[in-house]
Structures are given as structure tokens and as C-alpha cells.
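J.: I have a structure here, written as C-alpha cells, and I will follow up with some questions on it.
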Amino acid sequence: MHMTDDALLTATLSRAAFLLVFLTVVLSQLHERFLWHWLSALIGSSLGTALMAQFPVDGEPGLALGLATYLLFMISLIGSWSGVRLFYRRRVDPRLLGAIILLPLLIYTVLDLFQVALNYRRFVITLACTLPACLTVFEILRPASERLFSPIVVALAFIAYAVALAGTGVALLLNLTPPTQEAVNYPSFAVDRVASILVYFGYIAMAGERANRALRQQAETDQLTGLANRHGAQRALNRLEAARTTGAEGVRTSVLLADVDHFKRINDTYGHEVGDSVIVAVAARLRGAVRDGDVAVRWGGEEFLVLLPATDATAAQVIAERLRDAVIHTPVHADGHDIPVTLSIGIAEATSEGETLSAAIVSADRALYRAKRQGRDRVCLDTTQSDEITISSAS
């Protein structure tokens, strides 16, 4: 007599259906390694469920059949965990994965050879399956550089798996349940009816959400420099305006506009490829000059914008001088030439009197053109109370 109850049949058929759907997702994003790990997880659980249908209801499966089945389920759980790690761009150690998969099976084999009671042997396997389920939840809930919503659904499903597996393990250890297939597998299969749907459709949602964010990031990124473009700047402006309204970023926010001096002359003298190299070099200097939390933008052509949250004009001046010094003291080497580059920079501060950041950008632009008129290679501050102030210059 074999296990052919509705739960097992439903689990087998649902995984086969998920496999076909998920395969189309993988084929559409072949470069995403996390999808291949999740595909291996789905294949492992599908084959493991099919093999479990061969288990006798009241007796014990042969050692080879039992080990093969548990191996496939462990591959499934470990594939889910490693896929989540790769999804969040975290390192995966194949040796650790192999150890977590194989060590419990080795322990089970040794216990079987010494004829240890079946409930203790199955406790080892149940405990081993609980570990990657908990690790998957941990990977999703730990702080990440990007916060997505779809992984929360997957985390909830794995919490349910972990609770069911841990509960079964404790019951086996304390002899609260017989080590029969029905008693051991019923809690997991009961949870699996819903959790498997959440997991695999959650994976599809995660892949889609990641792809959508990548497209949005591409649309908001300048392809030459890797800085934000005007679209990205607009989103950052909206976020900072909202933060200023609530006081989360402080009321005072400064903006900095920098322009490469005599850029047309550089293009005409050395060519546009060298001009592009100059833009890339200035962008690199800009990244080194700003702080975490500042927003650096290629505003257009040879012009750069920096949004400085919770920063007054005095602090903005320090950043502007750091940028100007970094550029002037490090000539750009391109096409066999050492090209001296200077910047003109305008600064404006949006204060508590209700001035918007967009208005501050206009003021910074006015200060920038004053720096140009005064001879370039200098920093000028625009104030709403008086005429622009020249803060510093090369002279």
C-alpha cells in the first residue's frame, strides 16, 4: 500500500504546473542566477514529492528510497535559500550548501546502521529541513539595500513551513506522535497546500519586481557617467521635498550646480570621445566629493547638480571646494593627453521660508553664471537677501 492521498497528489500536480510556469520566467531572464536556484528548488520538491508517493503508509521506506527523497527535499529548501541570497546580491558558498544538504543524510545513514529508533532518525531529517526554511526567512527580513514587498509573502510561507517542520520534529523527539508517514508528513502537506502557492508565485513576483526596478533605474541613470539623470533627479527632488515638509531631512537643504569650464574648447581640440572621458572623470571626482545621502546628477551636457539634504550654505561650500580642488589638481588623462579641467560652481540654499528646491536650483544656476562671468574656476553663493557672493576662486 502506498501514499496516494489527496494532499500528496495535489502537491505533485501543483508543483508540475508551477514548474511549467516558472520555466517561462527563467527563460525570459537567463542571466539571473537566483532564478536558476529557485528552478532547482522547484524541480527538487517536485521529484521528492513524486518519490514520496512510493513510501508505504505504515512501514518504513528502504534506505535508498528514503535518502533519495530527503536529498531532493533538502536540495529544494537549500535552492530556495541560496536563490534568495543571490536575489539580494549576497555571496553563496557552494561548500556550505553541500554540507547542509549532505551532513543530515550522513547522520541518518549512521543512525540507520545502528538501528536507532525511527522517530529519532526522522527527527534529524525534520530538523535539517527546518534550518534552510528559517535561513530563507532570515535572508528576506534582514536589512537590504532595496526594500521590496513581494518577498514578504515568501517569508510568511517559509515561516509556516518552519513552524510545521519544527513542531513535527519536537513531537518526534518527545514521542508525542508515531513516526508513520501519515503522522510525520500531514502537518507539512497541510501547510504546503497554501504555502507552495505563495512561495512560487512569490518568486515570480520577486523576479518581476526586480526587473521593473531595474528598468526604472536604467531610465533614471545617465548611461555615460552612471549618475542620476534628470528623471532620477526629479524623483529625488520629490522625495526630498516630502522629507523637508515632515522635517525628516531638516529644513535647510542646499543645491550645487557645477559646470565644466571651456568644455566646447575641449571637444573642438581633442574630439568628442575625449570630451566624454572628461565628463566621466569629473563624475568620478564628484562621487568622491559628496557624502552618503547626497544625490549627484548629470544635469545635462557638461553640467552637474548635487542635492545636499540637511545642509546649509556653509557646509555646501566645503563640499563645493572639495570638488573644485579634486578636479583642478587631477588633470584628466585621455588619448595620450593630460587635459587640465576646472569647474565653475553655484550654490543656493532652500531655507525654512518656503522656498522649494526647484527654486533653489534656479538660484544656484544664477550663481553659476556669475562664477562664469567673474572668470570661471570659482564657487559663488546665491542669497535671496542680497546679491550673489563669490566665495572662492583660483586666484
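Residue numbers (numbering that gives the first Met the number 0): 0 to 394. Ideal Cβ positions, reconstructed from N, Cα and C, are used throughout, including at glycine.
1) Please tell me whether leucine 34 and valine 20 are closer than 7 Å, where the distance is taken between their beta carbons.
2) Look at the alpha carbon of valine 91 and the alpha carbon of glutamine 216, and state the distance between them as a whole number of angstroms.
3) Check valine 401 in the structure and name its three-state DSSP category.
4) Alpha carbon to alpha carbon, how far is valine 152 from leucine 22?
5) Report the residue from Asp376, Pro103 and Cys133 whose alpha carbon sits nearest the alpha carbon of alanine 159.
6) With DSSP as the reference, identify every bridge partner of alanine 347, one or two as the case may be.
7) What span of residues does the alpha helix (DSSP H) with phenylalanine 137 cover, start to end?
8) Reducing DSSP to helix, strand and coil, say where arginine 264 ends up.
9) Using CA atoms only, rank isn't needed, just tell me which of Ala288, Val305, Ala241 and Gly207 is closest to leucine 255.
10) Take serine 385 and list the residues in its own chain whose beta-carbon comes closer than 8 Å to its own, dropping the five residues that flank it on each side.
11) So the candidates are Leu126, Thr329, Ala363 and Gly61; which of them puts its Cα closest to the Cα of leucine 112?
12) For serine 394, which residues from the same chain have a beta carbon less than 8 Å from its beta carbon, with the 5 sequence-adjacent residues on both sides left out?
13) Residues in the same chain with beta-carbon distance under 6 Å from leucine 126, minus the five sequence neighbours each way, listed in chain order, please.
14) Evaluate contact between the segment 200 to 217 and the segment 27 to 43, counting only Cβ atoms and requiring at least three cross-stretch pairs below 8 Å.
15) Would leucine 171 pass as a contact of arginine 121 if the rule is Cβ separation under 7 Å?
16) Touch check for the segment 277 to 294 and the segment 219 to 237: three-plus C-beta pairs under 8 Å?
17) Aspartate 258 and leucine 342 look like a contact to me (Cβ under 8 Å); what is the Cβ gap, rounded to whole Å?
18) For the candidate residues Gln53, Thr244, Asp267 and Leu214, whose alpha-carbon lies nearest to that of alanine 349?
19) For leucine 104, collect the residues of the same chain with a Cβ closer than 7 Å to its Cβ; drop the 5 residues on either side in sequence, then sort them by chain order.
20) Just how far apart, CA to CA, sit histidine 328 and arginine 284?
21) Taking DSSP's pairing of strands, which residues face leucine 304 in a bridge?
22) Helix, strand or coil for valine 331 per DSSP?
23) In this structure, what does DSSP give as the bridge partners for histidine 36?
24) Determine the closest residue to phenylalanine 72 out of Ser81, Ser45 and Val83, with distance taken between C-alpha atoms.
25) Quick check: what's the CA-CA separation for leucine 155 versus arginine 377?
26) Suppose the cutoff is 7 Å on Cβ atoms and the five residues either side in sequence are ignored; what does the same chain contact list for serine 81 look like?
27) For the alpha helix (DSSP H) that contains histidine 230, what are its first and last residues?
28) Would you please state the rounded distance, in angstroms, between the beta carbons of valine 83 and isoleucine 124? I believe it to be under 8 Å.
29) What residue range is occupied by the uninterrupted alpha helix (DSSP H) comprising aspartate 364?
30) Taking all protein chains shown into account, decide if leucine 76 is buried (16 or more other Cβ within 10 angstroms of its Cβ) or exposed.
31) Within 10 Å of its beta-carbon, does alanine 370 have 16 or more other beta-carbons around it, so buried, or fewer, so exposed?
T.: The relevant details are as follows:
1) no
2) Between the alpha carbons of valine 91 and glutamine 216 lies a gap of roughly 25 Å.
3) This structure cannot settle anything about residue 401, because the visible part of the chain is limited to 0 through 394.
4) About 21 Å.
5) Among Asp376, Pro103 and Cys133, the Cα nearest to that of alanine 159 is on Cys133.
6) According to the DSSP secondary-structure assignment, alanine 347 is paired through a beta bridge with Val254 and Asp381.
7) 117 to 140
8) In the structure shown, arginine 264 adopts helical secondary structure according to DSSP, grouped into three states.
9) Val305
10) Reliability of the predicted coordinates at serine 385 is poor, the pLDDT of 45 falling under 50, and the value obtained from them is presented with this limitation in mind. Nothing meets the Cβ criterion.
11) Gly61
12) Any reading at serine 394 is ruled out, since the residue's pLDDT is 48, under 50, leaving its predicted position unreliable.
13) Gly168
14) Touching, yes, given that three or more Cβ pairs across the two stretches are closer than 8 Å.
15) In this structure, arginine 121 lies closer than 7 Å to leucine 171 by Cβ.
16) yes
17) 7 Å
18) Thr244
19) Leu66, Tyr69 and Leu70
20) 11 Å
21) Note: leucine 304 is bridge-paired with Leu256 and Val296 in the DSSP secondary-structure output.
22) For valine 331, the three-state secondary structure derived from DSSP is strand.
23) In the DSSP output, where bridge partners are listed per residue, histidine 36 has none listed.
24) Ser45
25) 56 Å
26) His36, Val91 and Leu96
27) For histidine 230, the uninterrupted alpha helix (DSSP H) run begins and ends at 229 to 245, by DSSP.
28) About 22 Å; that fails the 8 Å criterion.
29) 356 to 372
30) buried
31) buried
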